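Undergrad: Chains as they are written, first to last, in numbering that gives the first Met the number 0: chain A, 0 to 410; chain B, 0 to 293.
We treat Cβ as the ideally placed atom computed from N, Cα and C, and that holds for glycine.
Since the model is a prediction, treat every value here as computed from it, not as a measurement.
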Amino acid sequence: MAPFASDDSTTATDADELRAARRRKAARYVVPVAVVGVAAATIGLVPALADSGDPDLPKISAQELIEKIAASDVQQLSGTVKITTDLGLPDLGGLENSLASGMESGDGGSSADPSSKLTELVTGTHTLRVAADGPDKQKLSLLENAAEYSVIHNGKDVWGYDSKSNEVYHSTAPDGAAAGKERKEQDVPATPKDLAEEALKSVDDTTSVTVDGTAQVAGRDAYRLVIKPKDSGSTVGQITVAVDSKTGLPLKFTLTPASGGAAVVDAGFTQVGFGKPAASTFDFTPPKGAKVSEGKDREGADVEKGPRHDPAGAKPEEDLGKELDGLKVIGKGWNSIATFDTGGQGMPSGSEAGGDLGGFLGSLGDKVKGDFGSGTVFSTRLVNALMTDDGKVYVGAVTKDALVKAADAGK
Amino acid sequence: MSQAEAVRQTPAARTPSMMWTFGLFRNEVLTTFRRWRTLALLGVLAAVPILVGIAVKVETGDGSSAGPGGGGPAFISQITNNGLFLVFTALAATLPFFLPMAIGVIAGDAIAGEAGTGTLRYLLVAPAGRSRLLLTKYATVMTFCLVATLVVAVSALSVGALLFPLGDLTTISGTRISFADGLGRALLIALVVAASLIGMAALGLFVSTLTNSGIAAMATTVGLLITVQILDQIPQLHALQPYFFSHYWLSFADLMRDPVYWDDLTKNLGLQALYAAVFGAAAWARFTTKDITT
């Protein structure tokens with residue numbers, strides 16, 4: 000029953016009141032709408048207002064900046080790193096996971112083994128936490144849903160702890176700091192600093208390095224160092240490193256492909272502090288009931304697992320050489336191409352294999368022909384690989400044409 | 000002119016004291032918790048940790064660890080080492096569905112149920128005012144959120160203490176904290192879980208003001224919950240997902256990191272506050288202007 004509806008003798012005054020009542024009713028719905036509006040405006044505007052523009056910093060040359068990075072001696076640090084990788088690998092979804100877990104049980108590894116766990120970083124967006132206190136104490140944690148994977152280096156011990164499966168991986172660093180540093184370089188680079196160091200290693204006369212203005216990263220003023228290959232033929236467009244103006248620590252690393260589009264690798268601190276992390280951060284005792292697996296000799300383990308690092312592509316091409324035997328590198332700098340002979344038949348082409356698998360593999364690659372014969376090119380946004388029908392493989396961060404040219408030359 | 004309308008038209012006629020409002024609230028809470036339906040819901044919630052605890056105990060009776068390869072709800076692999084983890088596992092297991100479903104039933108019933116049984120107009124005859132009644136109803140639903148969460152937590156803690164050892168625990172970051180610290184975090188997690196349901200409660204209350212059928216309101220609220228949970232799983236909708244009320248629910252686990260990772264927790268609480276503001280205001284706009292005929 001509507002208000003006043005039962006009143007048969009509605010007068011003009013009543014009608015006015017009715018209208019006023021309706022207006023009052025409608026006015027109330029303005030409140031929720033206004034709340035939505037204010038919220039939307041806040042979500043939209045606050046990041047724009049918080050972006051206070053690029054900071055003013057004294058001019059610096061590229062050479063000085065590189066020296067600054069090299070001289071950077073940040074011993075104590077804690078922060079959060081967000082890393083996004085988009086290599087354009089075919090999205091195999093669950094299949095990829097089941098393949099990975101199959102490999103896992105195959106070599107008897109533990110899910111807490113750092114070298115297997117950190118390869119997860121090659122796809123998607125991940126949040127990492129890093130903490131360091133001198134050369135003897137470091138911690139790197141990969142934040143997962145309601146779980147976390149941590150690698151803790153404390154003095155002689157290196158622990159890997161996977162809270163999801165409650166498994167622990169343990170290995171020892173023979174002579175503390177030196178070995179720890181060495182091992183760190185062998186792992187998949189994850190922090191902006193690791194990535195920047197890898198990128199600077201490849202700086203030579205085929206590269207242009209410039210300082211391109213400033214930026215604000217994790218609330219700190221930073222210089223932007225731009226590294227670009229001079230020659231065409233590389234799939235790498237440019238690498239941008241944001242370097243903290245005070246400490247010289249690389250805060251953000253972005254690799255954009257020559258083909259344009261989203262960055263292939265984008266790793267940056269979202270929050271960073273240079274205070275001493277709490278000592279308890281680096282203390283680790285395996286929880287009761289956790290399955291502890293002792294690490295084998297690191298060298299052996301790495302070679303064994305080496306090929307699985309390849310799809311990462313986050314490693315500059317030189318590193319591939321360390322991991323595969325019988326591998327040659329053609330060319331130099333950005334356009335270097337790694338080549339090796341599988342000695343086998345090569346990739347069965349779809350028609351020959353006939354089976355589903357052959358068709359499936361063939362569908363992932365493109366057929367190419369050249370003086371070398373014919374083969375299949377597998378492309379990602381960064382790394383391309385050519386597998387010839389006679390079993391030779393050419394891999395590099397170069398365009399398809401450059402691969403074919405290299406194969407022709409090698410014939 | 001109906002009685003209810005008269006009540007709304009003359010708000011200045013009486014100024015109920017704080018005690019009076021509290022009396023109304025106490026009355027509502029007692030009515031809600033005396034219902035068999037409410038007690039049955041709480042019973043189901045209390046049973047979940049018991050079932051999880053017994054299942055883990057049976058499975059690990061031969062010394063193997065639960066959830067091989069990290070399957071199952073969060074934290075399940077740590078329960079055998081520390082019964083306190085059963086609290087986190089139970090909350091992680093009930094938060095996606097059981098808890099919000101119970102909230103949906105209570106919130107959906109809050110106004111529509113009264114309207115359906117014809118008691119709403121008598122409630123409004125009392126000099127309470129519609130806004131005050133709505134606030135009281137919302138406070139009651141939030142009390143139920145807290146009680147339901149605590150029922151799960153306390154049941155899980157008792158079962159965990161009975162079946163498994165207690166003691167110092169390892170955070171998911173690998174550091175160790177004392178049992179007292181762990182208990183404190185468990186309480187904090189229970190509070191965060193209860194707060195995670197505030198948005199859902201406001202949504203249910205709004206739906207409840209739209210209809211005169213309690214069943215329809217409950218079904219709509221629970222249906223919305225399921226829809227949102229499904230949409231949250233569809234990768235193509237990732238741009239929208241941060242605005243779903245259930246999107247950051249499991250961020251309570253971040254309290255078990257050391258140091259605590261606050262980003263998603265604050266996003267969750269902010270989102271719940273936003274939902275509460277939007278749907279609370281919508282419920283108020285609807286309830287204070289609608290015609291109460293039953």
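Against chain B, does VAL392 of chain A count as a neighbour if the rule is that its beta carbon must be under 8 Å from one of theirs?
TA: The count along the first sequence starts at 1 and reaches residue 392 of chain A at position 393. Not one chain B Cβ lies under 8 Å of VAL392 of chain A.
Undergrad: Find the nearest neighbour of LEU268 of chain B within the set B:LEU44, B:ALA193 and B:LEU165, judged by alpha-carbon distance.
TA: Your numbering for residue 268 of chain B matches position 269 in the second sequence. It is B:ALA193.
Undergrad: I'd like to know if the stretch 153 to 164 of chain B and the stretch 211 to 218 of chain B are in contact, where contact means that at least 3 CB-CB pairs between them fall below 8 Å.
TA: Not touching, per the Cβ criterion.
Undergrad: Going by other Cβ atoms of all chains shown within 10 Å of its Cβ, with 16 needed for buried, is LYS331 of chain A buried or exposed?
TA: Looking up residue 331 of chain A in the first sequence gives position 332. Exposed, by the Cβ-count rule.
Undergrad: List the whole-angstrom C-beta distance separating LEU248 of chain A from ALA61 of chain A, where the pair is believed to meet the contact cut-off of C-beta under 8 Å.
TA: Taking the first residue of the first sequence as position 1, residue 248 of chain A is located at position 249. Taking the first residue of the first sequence as position 1, residue 61 of chain A is located at position 62. Contact flag wrong, Cβ pair sits at about 17 Å.
Undergrad: Which of the residues in the stretch 140 to 152 of chain A, read from start to end, lie with their CB under 8 Å from any CB of chain B?
TA: Residues passing the 8 Å Cβ filter: SER140, LEU142, ASN144, ALA145, ALA146, GLU147, SER149 and ILE151.
Undergrad: Report whether the distance from the Cβ of VAL397 of chain A to the nearest heavy atom of the ligand ADP is below 7 Å.
TA: The ligand ADP is not among the ligands present in this structure, which contains no ligands whatsoever.
Undergrad: For VAL271 of chain A, which residues from the same chain have a beta carbon less than 6 Å from its beta carbon, with the 5 sequence-adjacent residues on both sides left out?
TA: Along the first sequence, one-based indexing puts residue 271 of chain A at 272. So the qualifying residues of the chain are GLY78 and ALA217.
Undergrad: Starting from the N-terminal side, write out each stretch of the alpha helix (DSSP H) that is 4 residues or longer and does not extend beyond the stretch 105 to 142 of chain B.
TA: List check, alpha helix (DSSP H) in window: 119 to 124.
Undergrad: Taking only beta-carbon atoms, is PHE273 of chain A less than 8 Å away from chain B?
TA: Position 274 of the first sequence holds residue 273 of chain A. Chain B, which has no Cβ nearer than 8 Å to the Cβ of PHE273 of chain A, makes this no.
Undergrad: Looking at the C-beta of ASN165 of chain A, does it have a partner C-beta in chain B at a distance below 8 Å?
TA: Taking the first sequence and counting its residues from 1, the one referred to as residue 165 of chain A is at position 166. It does; some Cβ of chain B falls within 8 Å.
Undergrad: Looking at the secondary structure, which residues open and close the beta strand (DSSP E) in which ILE233 of chain B lies?
TA: Walking along the second sequence from the start, residue 233 of chain B turns up at place 234. ILE233 of chain B -> no beta strand (DSSP E), and no H or E assigned at all.
Undergrad: So, using beta-carbon positions, are MET414 of chain A and THR379 of chain A closer together than 8 Å?
TA: This structure cannot settle anything about residue 414 of chain A, because the visible part of chain A is limited to 0 through 410.
Undergrad: Among B:HIS237, B:SER245 and B:GLN240, which has the Cα closest to the Cα of ILE225 of chain B?
TA: Here residue 225 of chain B refers to the residue found at position 226 of the second sequence. Out of B:HIS237, B:SER245 and B:GLN240, B:SER245 has the C-alpha closest to the C-alpha of ILE225 of chain B.
Undergrad: Can you list the residues of chain A that GLN77 of chain B reaches, using a CB-CB cut of under 9 Å?
TA: Start at 1 with the first residue of the second sequence, and residue 77 of chain B comes out as number 78. SER162, ASN165, PRO286, GLY288 and ALA289, listed in chain order.
Undergrad: In three-state terms, what does DSSP make of GLY247 of chain A?
TA: As a first step, residue 247 of chain A must be located in the first sequence, where it is residue number 248. Coil.
Undergrad: Mind checking if GLY173 of chain B is an interface residue toward chain A, Cβ cutoff 8 Å exclusive?
TA: The residue you call residue 173 of chain B lines up with position 174 of the second sequence. Chain A, which has a Cβ nearer than 8 Å to the Cβ of GLY173 of chain B, makes this yes.
Undergrad: State the Cα-Cα distance for the pair PRO209 of chain B and LEU119 of chain B, rounded to the nearest angstrom.
TA: On the second sequence, position 210 is the one that residue 209 of chain B refers to. On the second sequence, position 120 is the one that residue 119 of chain B refers to. Before going on, a small fix: residue 209 of chain B reads as Leu here, not Pro. Using only the alpha carbons, I get a separation of about 14 Å.
Undergrad: Below 7 Å between beta carbons is the criterion; list the residues of the stretch 24 to 55 of chain A that meet it against any residue of chain B, in chain order.
TA: The stretch 24 to 55 of chain A vs chain B, Cβ under 7 Å: LYS24, ARG27, TYR28, VAL30, PRO31, VAL34, VAL35 and ALA38.
Undergrad: Following the continuous alpha helix (DSSP H) through GLU58 of chain B, name the residue where it begins and the one where it ends.
TA: By one-based count along the second sequence, residue 58 of chain B stands at place 59. Run containing GLU58 of chain B: 35 to 58, per the alpha helix (DSSP H) assignment.
Undergrad: Given that a residue counts as buried once 16 or more other Cβ atoms are within 10 Å of its Cβ, and exposed if not, what is GLN137 of chain A?
TA: For the purposes of this step, residue 137 of chain A is identified with residue 138 of the first sequence, where counting begins at 1. Classification for GLN137 of chain A: buried.
Undergrad: Identify the continuous alpha helix (DSSP H) that holds ILE197 of chain B and give its terminal residues.
TA: For the purposes of this step, residue 197 of chain B is identified with residue 198 of the second sequence, where counting begins at 1. Note, ILE197 of chain B: alpha helix (DSSP H), 197 to 209.
Undergrad: Can you give the Cα-Cα distance for ARG27 of chain A and PHE251 of chain B, rounded to whole angstroms?
TA: Counted from its first residue, the first sequence places residue 27 of chain A at position 28. Counted from its first residue, the second sequence places residue 251 of chain B at position 252. Cα-Cα distance, rounded: 35 Å.
Undergrad: Answer yes if the stretch 103 to 111 of chain B comes into contact with the stretch 171 to 191 of chain B, meaning at least three C-beta pairs across the two stretches below 8 Å, and no otherwise.
TA: Output reads no: the stretch 103 to 111 of chain B does not touch the stretch 171 to 191 of chain B.
Undergrad: Sort out for me which residues DSSP pairs PHE268 of chain A with in a bridge.
TA: Counting from 1 along the first sequence, the entry for residue 268 of chain A is found at position 269. Per DSSP, A:VAL80.
Undergrad: Note down, in chain order, every chain A residue with its Cβ under 8 Å from the Cβ of THR93 of chain B.
TA: Taking the second sequence and counting its residues from 1, one reaches residue 93 of chain B at position 94. Chain A residues near THR93 of chain B: none, gap ~14 Å exceeds 8 Å.
Undergrad: On a Cα-Cα basis, can you pick out the residue from A:ASP156, A:PRO57, A:ASP85 and A:ASP282 that is closest to GLY294 of chain A?
TA: For the purposes of this step, residue 294 of chain A is taken as residue 295 along the first sequence, with counting starting at 1. For GLY294 of chain A, the nearest C-alpha among the options comes from A:ASP156.
Undergrad: What is the residue span of the beta strand (DSSP E) that GLN271 of chain B lies within?
TA: As a first step, residue 271 of chain B must be located in the second sequence, where it is residue number 272. No beta strand (DSSP E) contains GLN271 of chain B, which is instead part of the alpha helix (DSSP H) from 262 to 288.
Undergrad: If we ignore side chains and look at the alpha-carbon of each, how far apart do ARG128 of chain A and ARG21 of chain A end up?
TA: What you label residue 128 of chain A is simply residue 129 of the first sequence in a count that begins at 1. What you label residue 21 of chain A is simply residue 22 of the first sequence in a count that begins at 1. Distance between the alpha carbons of ARG128 of chain A and ARG21 of chain A: 56 Å.
Undergrad: If you compare alpha carbons, which of B:GLY52, B:PRO99, B:LEU38 and B:VAL51 is closest to GLY222 of chain B?
TA: Locating residue 222 of chain B in the second sequence gives position 223, counting from the first residue. Taking only the C-alpha atoms, the option nearest GLY222 of chain B is B:PRO99.
Undergrad: Can you tell me which of B:ALA109, B:ILE49 and B:VAL51 puts its alpha carbon nearest to the alpha carbon of THR37 of chain B?
TA: Counted from its first residue, the second sequence places residue 37 of chain B at position 38. Among B:ALA109, B:ILE49 and B:VAL51, the Cα nearest to that of THR37 of chain B belongs to B:ALA109.
Undergrad: Grab the span of the alpha helix (DSSP H) containing PHE298 of chain B for me, first residue to last.
TA: Lying before the first or after the last residue shown, residue 298 of chain B is absent from chain B, which here runs from 0 to 293.
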